[in-house]
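Data block below; observations after.
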Amino acid sequence: MTDQQRGSADNLLYLCGPHHDAVDAQLALHTVEFLRDAKHAHEARVARAVRAGLGNVSYAELALVCSVLVGAAESPAAVPVDIALPVQQKIQLNKLGPSVVERITAGLSQAERVASFIAFQTELSPGFGKRLAARSKSDYHSALADGLEPDEVFDYLVQRASDNAGVQDTARHHAAALAVISYLFEICEVFERE
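All letters in the sequence shown, in the order written, are residues 346 to 539 by our numbering.
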């Protein structure tokens with residue numbers, strides 16, 4: 346396994362201290378196969394919870410996710426936001442994998458709700474949508490600077506949106522983060538054009 350493969354998100358398994366110690370103390374029980382199966386099972390449970398949460402995303406979750414992103418954004422003039430390519434073309438151009446495509450598709454099921462929320466917030470606070478897009482683009486460039494691969498970049502953007510929502514750690518907040526980032530992926534140029 347190369348260093349790049351070893352450090353990739355596909356190979357990483359995050360554990361709390363006690364579970365990390367338990368795995369290290371019982372290597373015969375915690376084989377590579379066992380750990381990979383446990384990781385995939387956990388990721389599948391989280392993905393199901395987020396998909397289920399998508400139908401329950403309310404303005405409250407969208408407000409929490411978006412307000413934090415907008416609050417820390419650079420000036421919209423400082424980070425230009427171009428019109429996006431069609432989603433499928435952007436997916437192919439960036440060589441996004443099937444799991445990210447599935448997540449984008451799921452997130453876009455709430456595109457109308459996210460668009461409505463952003464339009465309403467922009468009426469209250471002119472430039473809200475541009476600041477939101479600018480922050481996402483800034484986060485995107487940070488992920489690139491860290492050397493992340495395209496699938497990892499998308500995951501990073503969703504995780505940043507979710508993490509920045511504060512102490513709330515529910516499926517609905519993760520779903521709101523996925524919906525917002527998927528919507529921004531669709532409507533603005535966050536990922537590479539060519």
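The C-beta atom is built at its ideal place from N, Cα and C for all residues, glycine as well.
Because the structure is a prediction, the values reported are computed rather than measured.
DSSP three-state label for residue i, please.
| i | result |
| --- | --- |
| CYS318 | The question about residue 318 has no answer here: the residues shown for the chain are numbered 346 through 539. |
| ALA423 | Note that ALA423 has pLDDT 45, beneath the 50 cutoff, so the model's placement of it is unreliable and the number below is only indicative. The answer is coil: DSSP assigns ALA423 none of H, G, I, E or B. |
| GLU539 | Any reading at GLU539 needs caution, since the residue's pLDDT is 48, under 50, leaving its predicted position unreliable; the model's value is listed next. Three-state DSSP puts GLU539 in coil, outside helix and strand. |
| ALA418 | Any reading at ALA418 needs caution, since the residue's pLDDT is 45, under 50, leaving its predicted position unreliable; the model's value is listed next. In the structure shown, ALA418 sits in coil (DSSP, three-state: anything other than H, G, I, E or B). |
Out of the options, point me to the one whose CA is closest to residue i's CA.
| i | options | result |
| --- | --- | --- |
| LEU523 | ALA370, LYS384, THR450 | THR450 |
| LEU358 | VAL445, GLU388, VAL395 | GLU388 |
| LEU380 | VAL368, SER353, LEU469 | VAL368 |
| VAL500 | SER403, ALA405, SER353 | Checking the sequence shown, residue 500 turns out to be Asp, not Val. The candidate whose alpha carbon is nearest that of ASP500 is SER353. |
| VAL377 | CYS361, ARG351, ARG393 | ARG351 |
| ARG448 | LEU430, ALA394, PRO431, ALA460 | ALA394 |
| ALA478 | THR515, ALA373, LEU493, VAL459 | VAL459 |
| SER481 | GLU406, SER444, CYS533 | CYS533 |
For the putative contact between residue i and residue j, defined by C-beta atoms under 8 Å, what is the C-beta separation to the nearest angstrom?
| i | j | result |
| --- | --- | --- |
| ARG517 | GLY442 | Wrong, their Cβ atoms sit about 25 Å apart, outside the cutoff. |
| LEU489 | VAL503 | Incorrect: roughly 16 Å between the Cβ atoms, too far for contact. |
| GLN371 | CYS411 | No, GLN371 and CYS411 are not in contact; Cβ-Cβ is about 44 Å, not under 8 Å. |
| PRO363 | LYS440 | No, PRO363 and LYS440 are not in contact; Cβ-Cβ is about 38 Å, not under 8 Å. |
| ALA520 | VAL402 | 5 Å |
| ILE463 | GLY474 | 5 Å |
Determine whether the Cβ of residue i lies closer than 8 Å to any Cβ atom of chain D.
| i | result |
| --- | --- |
| LEU489 | Given the protein chain composition of this structure (a single chain), no chain D is represented. |
Query - Validate contact between the region 518-537 and the region 449-459 using beta carbons, cut 8 Å, 3 pairs - result: yes
Query raised in the report: Which runs of the beta strand (DSSP E) spanning at least 3 residues fall entirely within the region 455-508, listed in chain order?
Result: none
Query raised in the report: Fully enclosed by the region 389-413, which alpha helix (DSSP H) runs are 4 residues long or longer?
Result: none
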